[in-house]
Structure formats: C-alpha cells, structure tokens
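**Q** Here the protein sequences come in this chain order: A and B.
Under numbering that gives the first Met the number 0, the letters of the first sequence match residues 0 to 314, in that order.
Under numbering that gives the first Met the number 0, the letters of the second sequence match residues 0 to 101, in that order.
Quick one: the structure is below, questions incoming.
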Amino acid sequence: MRFDSLVDSVGRTPLVGLPRLSPSPDVRLWAKLEQDNPTGSIKDRAALWMIADGEKRGLLTPGATVLEPTSGNTGISLAMVCRQRGYRLVCVMPENTSAERRQLLAMWGAEIVYSPASGGSNEAVAVAKRLAAEHPDWVMLYQYGNPANAQAHYETTGPELLADLPTITHFVAGLGTTGTLMGTGRFLRERVPGIRIIAAEPRYGEIVYGLRNIDEGFIPELYDGSVLTTRISVGPKESLRRTRQMVEEEGIFAGISSGCILHAALIEADRCVRAGQRADIAVIVCDGGWKYLSTGAYAGTLEEAEAALEGQLWA
Amino acid sequence: MAVQVRVPTILRSYTGGSKVVEGVGDTLAALFIDIDSHFPGLRGRLVSEDAGELHRFVNIYVNDEDVRFLGGLDAKISDGDTVTILPAVAGGSAMMPATAGI
C-alpha cells in the first residue's frame with residue numbers, strides 16, 4: 000500500500016483471527032491490530048480526526064498551539080500529527096509519569112507541563128482547563144468531550160470492521176475516553192441488528208480510587224450508556240493473564256489494556272458457547288506491549304507482575 | 000449464605016474500616032437497605048433518595064458486571080454473588096500517571 004504521507008496511512012488495520020483463543024468453530028474471536036497505526040496505537044485515529052475537525056472549524060491555523068491533558072498514546076499521536084501540520088503541542092501530565100513516556104513525547108515534538116502527582120489524572124484535566132483559560136489562543140482538543148474523537152471511529156473503525164467481518168455479533172473495546180466504543184458502537188448498531196457492544200473497564204488497585212471523593216467522580220462527556228450492551232470490570236490479574244496468553248498462544252504482543260479487553264471478550268464467548276449461539280466477536284488491540292516492558296508486566300510470575308502494577312493506572 | 004459487598008476506601012468510615020461486608024436481599028435495593036441497617040449512612044452515599052437511583056459517580060458491579068446494565072437498583076442478586084462499589088475515575092486508556100498506554 001502506498002500513501003502520500005504518514006498521516007494518510009492512519010487506519011485500515013488488519014483484522015486477524017484468534018484460532019487458539021476461540022472456544023469453538025462457531026464462537027470465534029477476531030483481533031483488530033491497532034498497533035499497526037503510524038505511532039503504534041488506536042489513538043492515531045482520534046488525534047487525526049480532532050486536528051482535522053479543528054482545522055475545518057477554523058480553530059487551528061498555521062502556527063497554532065494545541066493543548067491536551069495526556070501522558071500516553073493520545074499525546075504521542077497528537078505530537079506526530081501536529082509536527083506534520085506545523086502546530087505546537089503542549090501536553091499536561093502528572094509529574095510521576097515514567098521517563099520513558101516523557102522521552103517518547105519529547106521525541107515526537109511535544110512540550111510537557113506537569114500537574115501534581117497526588118491529583119492523578121483528574122488534576123491533569125483541571126490544570127489543562129486552567130491553562131486553556133489563561134491562553135485563550137491555545138486550542139484544547141479535549142479527547143474526553145470532543146465529538147470528533149468518537150466520529151473517527153464512526154467513520155473508520157466501524158466501517159472497517161463491518162467490511163472485514165460482515166457476520167460480526169459482538170464488538171468489545173476498552174472504556175477510557177469512550178470514543179472507540181461510542182463511535183464504533185453507534186455505527187454497528189445502525190447496521191447490525193442485535194449486535195452486542197461490550198465495554199471492558201479496567202479495575203485498578205485501591206490506591207487509585209482511595210483519594211477520590213465519591214461526589215467528585217469523572218465521567219467523560221462523550222459517554223452515552225445507551226450505546227452499550229453491558230460493561231464488564233476487569234482487574235489487573237485477569238488483564239495480565241490474558242495479555243500473556245495473547246502473545247503465547249496467538250503471537251500478538253499487546254499492551255495490558257488489550258488483555259483487559261480480551262478477558263471481557265472471553266466471558267462473552269463463554270456465554271455464547273453455553274447458550275449454543277454462533278458468534279463472531281471483534282476485539283480491539285489498542286497498542287503493542289513495548290511501552291509497558293518496564294512495568295514488569297511480561298516478566299516473572301503473574302503475582303509478581305500484578306504486584307508491580309498495584310497503584311498504577313495500567314490501562 | 001449471603002452476598003459479599005466490597006467497599007472502597009473512601010466509604011469505609013461507614014463500615015468501621017471493613018473492606019468487605021455481608022448482606023442479604025433479592026435485589027440490589029433490598030441488599031442496600033439490609034446493609035444500611037448494620038452500617039447506617041452507607042446507603043445514602045450510593046443511592047439518591049430523590050431520584051431513587053444510583054448516584055451518578057458511583058459504579059456498582061455484580062460479579063464484575065455494571066448493575067446499570069442489569070436493571071440498576073432492581074438488579075437481581077443471589078447468594079454467593081459479589082457486589083463491588085467503585086467511584087468513577089478518569090483513567091482507562093486515557094490518562095495514566097505512571098504506566099499505561101494511550
């Protein structure tokens with residue numbers, strides 16, 4: 000395949016069967032390999048759509064500064080697209096973000112503003128909103144509330160899945176900004192009667208929830224529960240176990256959030272087997288495992304890996 | 000046999016510090032009323048009295064499935080089930096301090 004530039008090659012990722020993880024010939028799992036995007040994650044789709052939308056609406060003009068609370072894949076994707084289009088990118092992230100991640104963002108050209116570690120991700124969002132108010136000429140794309148995030152999946156991920164797997168019965172993805180589930184979910188619901196849209200939600204260690212006041216929770220503005228069939232909470236042990244299974248049995252070296260998604264998919268697959276129903280279950284592989292090697296997720300026993308993840312937002 | 004309820008750190012002031020408490024009830028609503036009789040005030044943090052539904056920023060799971068997709072407070076509960084209470088947080092593949100992707 001030939002493209003005019005790197006950003007033109009976003010999307011159209013492979014869908015591969017998981018014959019060893021599928022429970023039966025009638026209940027099959029399929030993985031959409033989003034690590035095949037230019038910067039190695041599904042976030043390239045949302046980043047490109049949010050930037051293009053900002054340009055279309057006249058918010059982004061040559062030399063503009065883009066601002067976003069992110070320490071992860073969205074930042075890397077935005078940095079790549081912004082560099083190609085001539086925008087400056089400022090990422091707000093908690094100060095305890097790993098050195099590896101800071102280097103990746105800096106390499107792709109992002110500038111970094113730190114928020115207090117104690118406030119976690121909610122605080123990074125708050126700092127970004129404050130910066131946006133101080134710099135009215137900066138453009139915060141705000142992936143949690145930007146409809147272009149979900150629209151990217153409505154226009155690309157959904158159609159790609161349906162074209163490659165017309166017999167699809169289930170779509171399983173992770174619940175973060177909710178963009179993937181909302182966009183792909185809406186597209187598939189409009190075209191596939193009875194399709195089940197399953198959210199896999201990472202369940203972190205107690206420390207992550209410990210400081211949260213229950214009245215000050217965070218729900219992304221994009222989230223619309225009516226798009227989902229159900230939502231399954233998956234802990235670190237199951238996520239790690241499935242992440243390892245994916246590479247051991249199918250040769251797919253994925254990040255930990257993909258293990259979380261696979262676990263929810265296997266629960267659904269098991270339900271289908273017991274009910275005697277045929278199923279073609281599409282799961283999202285969000286990114287490769289490279290960025291998570293230093294977490295210890297892939298080395299030692301599962302118990303050791305689980306202990307290493309305690310207190311971290313691992314997906 | 001009863002139902003085990005996992006309580007997040009922020010709400011353990013209502014359970015005398017207990018991480019897991021037990022209760023009985025055929026539905027989530029009945030379970031919360033039973034638990035509130037042992038740990039007064041806990042139910043008020045989970046259920047909005049006016050609307051008669053779960054507080055917006057509280058997520059509750061029965062055997063790892065979100066109860067909002069199982070009928071909410073009318074969700075059926077059986078002996079041996081595990082109910083988990085968690086606050087809604089920003090996270091999941093979107094924002095992560097130390098490790099995670101995205």
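Every residue gets a Cβ at the ideal spot worked out from N, C-alpha and C, and that includes glycine.
Keep in mind the model is a prediction, meaning the values are calculated, not measured.
Counting only beta-carbon atoms, is B/Ala28 nearer than 8 Å to chain A?
**A** On the second sequence, position 29 is the one that residue 28 of chain B refers to. Answer no: the Cβ-Cβ gap between B/Ala28 and chain A never drops below 8 Å.
**Q** If distances are taken between C-alpha atoms only, which option among A/Thr38, A/Thr64 and A/Pro37 comes closest to A/Pro135?
**A** Here residue 135 of chain A refers to the residue found at position 136 when the first sequence is read from its first residue. Closest by alpha carbon: A/Thr64.
**Q** So what's A/Ile50 in DSSP terms, helix, strand or just coil?
**A** One-based indexing of the first sequence puts residue 50 of chain A at position 51. Reduced to three states, the DSSP call for A/Ile50 is helix.
**Q** Closer than 7 Å: is that where the CB of B/Gln3 sits relative to any heavy atom of the ligand ZN?
**A** This structure lacks the ligand ZN; in fact it carries no ligand of any kind.
**Q** From what residue to what residue does the alpha helix (DSSP H) around A/Ala78 run?
**A** Taking the first sequence and counting its residues from 1, one reaches residue 78 of chain A at position 79. From DSSP, the alpha helix (DSSP H) with A/Ala78 extends over Asn72 to Arg84.
**Q** Can you list, in chain order, the residues of its chain with a C-beta nearer than 6 Å to that of A/Asn95? Leave out the 5 residues immediately preceding and following it.
**A** Here residue 95 of chain A corresponds to residue number 96 of the first sequence, with the count starting at 1. Ala116, listed in sequence order.
**Q** List in chain order: all unbroken beta strand (DSSP E) runs of 3+ residues lying wholly within the region 136-204 of chain A.
**A** Counting whole runs of 3 or more residues, the region 136-204 of chain A contains the beta strand (DSSP E) stretches 169-173 and 195-201.
**Q** Between which two residues does the alpha helix (DSSP H) carrying A/Val272 extend?
**A** Locating residue 272 of chain A in the first sequence gives position 273, where the first residue counts as 1. Start and end: Ile255 to Ala274.
**Q** From A/Leu104, A/Ile283 and A/Thr168, pick the residue whose C-alpha is nearest to that of A/Glu67; which is it?
**A** Counting from 1 along the first sequence, the entry for residue 67 of chain A is found at position 68. For A/Glu67, the nearest C-alpha among the options comes from A/Leu104.
**Q** Taking DSSP's pairing of strands, which residues face A/Leu66 in a bridge?
**A** Numbered from its first residue, the first sequence carries residue 66 of chain A at position 67. The partner list for A/Leu66 (beta bridge, DSSP) reads A/Val89 and A/Met139.
**Q** Quick check on the DSSP output: the alpha helix (DSSP H) that includes A/Pro235 runs from which residue to which?
**A** Taking the first sequence and counting its residues from 1, one reaches residue 235 of chain A at position 236. Note, A/Pro235: alpha helix (DSSP H), Pro235 to Glu249.
**Q** Using a Cβ-Cβ cutoff of less than 8 Å, which residues in the same chain neighbour B/Thr14 once the five nearest sequence positions on both sides are dropped?
**A** Here residue 14 of chain B refers to the residue found at position 15 of the second sequence. Around B/Thr14: Val6, Val20, Phe38 and Leu41.
**Q** A/Pro93: which of A/Ser120, A/Thr300, A/Lys55 and A/Glu247 sits nearest, CA to CA?
**A** To locate residue 93 of chain A, count along the first sequence from 1; it is residue 94. For A/Pro93, the nearest C-alpha among the options comes from A/Ser120.
**Q** Below 8 Å between beta carbons: does that hold for A/Glu249 and A/Leu14?
**A** Counting from 1 along the first sequence, the entry for residue 249 of chain A is found at position 250. Counting from 1 along the first sequence, the entry for residue 14 of chain A is found at position 15. No.
**Q** Figure out for me which residue from B/Ser17, B/Val23 and B/Gly71 has the closest Cα to the Cα of B/Gly79.
**A** Here residue 79 of chain B refers to the residue found at position 80 of the second sequence. Nearest option by C-alpha distance: B/Val23.
**Q** Can you give the Cα-Cα distance for A/Glu302 and A/Asp52, rounded to whole angstroms?
**A** If you number the first sequence from 1, residue 302 of chain A lands on position 303. If you number the first sequence from 1, residue 52 of chain A lands on position 53. Approximately 44 Å, taken between the alpha carbons.
**Q** Please say whether A/Leu164 and A/Asp397 have beta carbons closer to each other than 8 Å?
**A** With chain A covering 0 to 314 only, the question about residue 397 of chain A has no answer from this structure.
**Q** CB A/Glu33 to CB A/Ser23, shorter than 8 Å?
**A** For the purposes of this step, residue 33 of chain A is taken as residue 34 along the first sequence, with counting starting at 1. For the purposes of this step, residue 23 of chain A is taken as residue 24 along the first sequence, with counting starting at 1. Contact flag unset, no.
**Q** Which of the three DSSP states, helix, strand or coil, is assigned to B/Leu85?
**A** Stepping through the second sequence from its first residue, residue 85 of chain B is reached at position 86. DSSP places B/Leu85 in strand when its eight states are reduced to three.
**Q** Quick check on DSSP: helix, strand or coil for A/Asp43?
**A** Position 44 of the first sequence holds residue 43 of chain A. A/Asp43 falls in the helix class under three-state DSSP.
**Q** Under 8 Å Cβ-Cβ, which residues of chain B neighbour A/Arg230?
**A** As a position in the first sequence, residue 230 of chain A is number 231, starting the count at 1. Result: Glu64, Asp65, Arg67 and Phe68.
**Q** I need the boundaries of the alpha helix (DSSP H) containing A/Ala307, first residue and last residue.
**A** For the purposes of this step, residue 307 of chain A is taken as residue 308 along the first sequence, with counting starting at 1. Taken as a continuous stretch (DSSP letters only), the alpha helix (DSSP H) holding A/Ala307 covers Leu301 to Leu308.
**Q** Please determine if the region 278-292 of chain A and the region 215-235 of chain A are in contact, where contact requires at least 3 C-beta pairs separated by less than 8 Å.
**A** With the cut-off at 8 Å, the region 278-292 of chain A and the region 215-235 of chain A do not touch.
**Q** Would you report the Cα separation of A/Pro37 and A/Ser8, rounded to the nearest angstrom?
**A** Taking the first sequence and counting its residues from 1, one reaches residue 37 of chain A at position 38. Taking the first sequence and counting its residues from 1, one reaches residue 8 of chain A at position 9. Between A/Pro37 and A/Ser8, the C-alpha separation is close to 7 Å.
**Q** Grab me the residues of A/Ser4's own chain with a C-beta within less than 8 Å of its C-beta, minus the 5 sequence neighbours each way, in chain order.
**A** Indexing the first sequence from 1 puts residue 4 of chain A at position 5. Contacts found: Gln83.
**Q** Whole angstroms are fine: how far does the CA of A/Leu88 sit from the CA of A/Tyr141?
**A** Looking up residue 141 of chain A in the first sequence gives position 142. Looking up residue 88 of chain A in the first sequence gives position 89. Roughly 13 Å between the two C-alpha positions.
**Q** So, at 6 Å on beta carbons, what are the nonlocal neighbours of A/Ser76 in its own chain, with the 5 sequence-adjacent residues on each side left out?
**A** For this step, residue 76 of chain A is matched to residue 77 along the first sequence. Cβ neighbours of A/Ser76 beyond the five flanking positions: Thr38, Lys42, Asp43 and Ala46.
**Q** Do the CB positions of A/Thr229 and A/Ile197 come within less than 8 Å of each other?
**A** For the purposes of this step, residue 229 of chain A is taken as the residue at position 230 of the first sequence. For the purposes of this step, residue 197 of chain A is taken as the residue at position 198 of the first sequence. For A/Thr229 and A/Ile197, yes; Cβs fall inside 8 Å.
**Q** So with Cβ pairs under 8 Å, would you call B/Thr83 a contact of chain A?
**A** For this step, residue 83 of chain B is matched to residue 84 along the second sequence. Yes, contact with chain A.
**Q** Which residues mark the beginning and the end of the beta strand (DSSP E) in which A/Ser114 is found?
**A** Residue numbering aside, residue 114 of chain A sits at position 115 when the first sequence is read from its first letter. Ala109 to Ser114 is the extent of the beta strand (DSSP E) around A/Ser114.
**Q** Along the chain, where does the alpha helix (DSSP H) that runs through A/Glu33 open and close?
**A** The count along the first sequence starts at 1 and reaches residue 33 of chain A at position 34. No alpha helix (DSSP H) contains A/Glu33, which DSSP labels as neither H nor E.
**Q** Just curious, the beta strand (DSSP E) that A/Asp279 is in, first and last residue?
**A** Sequence index remark: in the first sequence, residue 279 of chain A carries index 280 (1-based). Segment Ala278 to Val284, the beta strand (DSSP E) holding A/Asp279.
**Q** With 8 Å as the threshold, decide whether the Cβ of B/Val88 is near any Cβ in chain A.
**A** Here the question's residue 88 of chain B lines up with position 89 in the second sequence. So, interface residue.
**Q** Is there a Cβ from chain B that is less than 8 Å from the Cβ of A/Gly224?
**A** Within the first sequence, numbered from 1, the residue matching residue 224 of chain A stands at position 225. Closer than 8 Å to some Cβ of chain B, the Cβ of A/Gly224 qualifies, so yes.
**Q** Quick one: which unbroken beta strand (DSSP E) runs of 3-plus residues sit fully inside the region 18-80 of chain B? Chain order, please.
**A** As far as the region 18-80 of chain B is concerned, its whole beta strand (DSSP E) runs of at least 3 residues are 19-22 and 57-61.
**Q** Run through chain B and tell me which residues come within less than 8 Å of A/Phe217, C-beta to C-beta.
**A** Counting from 1 along the first sequence, the entry for residue 217 of chain A is found at position 218. Chain B residues near A/Phe217: Phe56, Ala87, Val88 and Ala89.
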